[in-house]
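In what follows, a single structure is set out as C-alpha cells and then discussed.
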Amino acid sequence: TVRGSGTQLNITANPGSVDLGRVILGSTSPARSTSVTNGTDFNFTGTAAVDNGAFSVTPATFSLGGRRSQDFSLTFRPAAAGPASGVLTLTLTSTAPPFSTTVTVTLTGEGLNPAAITISPPTVDFGDVSVGSSALRSVTVTNTGDVSSAVSTSSSNAAFAVAPSSFTLAGGASQAVNIS
Numbered sequence: 011t012v013r014g015s016g017t018q019l020n021i022t023a024n025p026g027s028v029d030l031g032r033v034i035l036g037s038t039s040p041a042r043s044t045s046v047t048n049g050t051d052f053n054f055t056g057t058a059a060v061d062n063g064a065f066s067v068t069p070a071t072f073s074l075g076g077r078r079s080q081d082f083s084l085t086f087r088p089a090a091a092g093p094a095s096g097v098l099t100l101t102l103t104s105t106a107p108p109f110s111t112t113v114t115v116t117l118t119g120e121g122l123n124p125a126a127i128t129i130s131p132p133t134v135d136f137g138d139v140s141v142g143s144s145a146l147r148s149v150t151v152t153n154t155g156d157v158s159s160a161v162s163t164s165s166s167n168a169a170f171a172v173a174p175s176s177f178t179l180a181g182g183a184s185q186a187v188n189i190s
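Under my numbering, the first residue of the sequence shown is numbered 11, with each subsequent residue one higher.
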C-alpha cells in the first residue's frame with residue numbers, strides 16, 4: 011500500500027510589482043519594499059537576485075520558516091535615461107521534503123537626465139547706446155534635462171537690468187529673459 015497527499019504551495023509576494031519611480035541619473039531611489047509570505051508549514055532557505063544591475067535587493071540570502079514572511083528592500087539607480095524594468099527572483103529551497111520553487115516580482119523605474127541649462131545666444135552685443143537711453147535684447151534660457159530647475163538671473167554690472175529675476179523651468183522648456 012502506498013499513501014501520500016499533495017500540498018499546494020502557498021508562497022506569495024506582496025506587492026507582486028514595485029515601481030521605484032523617476033530617479034535622476036547619478037542618484038538612487040528611496041527604498042521600497044516587497045515581502046514574501048510562506049503559507050505552508052515547510053521551512054525554506056532562499057536567495058534573492060535581480061536581472062538588471064540598475065536595481066538592487068537586500069537581503070540576498072534569507073531563511074523563511076513555515077507561516078512566516080520575509081521583507082525585502084529594493085532600490086533603483088538608473089544607468090541611462092528612460093524606462094527600465096527588471097525581475098526580482100526569489101528562489102526558495104526546502105530540505106524536508108527536498109524541493110525548490112521560485113517567486114518573481116516585477117520591477118520598474120525611469121531614469122531622468124538632470125536639469126541642464128543653456129543660454130542662446132551665449133553673447134549679447136548692445137552696440138552703441140546713447141547716454142540716457144536704453145536698448146533691449148533677449149536671450150532664451152532652455153532646460154535640456156528631464157527635471158525642473160529653479161533659475162535666477164542677475165547682472166554683475168549695474169548698467170544692465172535683467173528680467174525676470176527668477177523662474178522655474180520645467181524639463182525641456184524654454185524662457186525668454188530680457189536684458190536692457
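Think of the CB as a built atom: it goes at the ideal place given N, C-alpha and C, for glycine as much as any other residue.
Only a predicted model underlies this, so the values are computations on that prediction, with no experimental measurement involved.
8 Å Cβ cutoff met for residue i and residue j
| i | j | result |
| --- | --- | --- |
| LEU122 | ARG32 | yes |
| VAL113 | ALA23 | yes |
| LEU102 | SER95 | no |
| LEU117 | PHE82 | no |
| VAL172 | ILE127 | no |
Integer Cβ distance of residue i from residue j, believed to fall under 8 Å
| i | j | result |
| --- | --- | --- |
| SER144 | SER190 | 5 Å |
| LEU179 | SER159 | 5 Å |
Residue from the options whose Cα sits closest to the Cα of residue i
| i | options | result |
| --- | --- | --- |
| ILE34 | PRO93, ASN48, ALA59 | PRO93 |
| GLY75 | ARG13, THR55, THR150, GLY36 | THR55 |
| PRO69 | THR57, ASP61, ASN62 | THR57 |
| VAL28 | ARG77, GLY36, PHE86 | PHE86 |
| ASN153 | LEU146, GLN185, VAL46 | GLN185 |
| ALA91 | VAL67, GLY26, ALA125 | ALA125 |
| GLU120 | SER140, ARG147, ALA89 | ALA89 |
Beta strand (DSSP E) segment containing residue i, residue limits
| i | result |
| --- | --- |
| GLN80 | 79 to 86 |
| LEU98 | 92 to 105 |
| PHE72 | 71 to 74 |
Inter-stretch contact at 8 Å, needing at least 3 Cβ pairs: the segment 45 to 56 / the segment 15 to 26: In short, these stretches touch, since the Cβ pair count reaches three.
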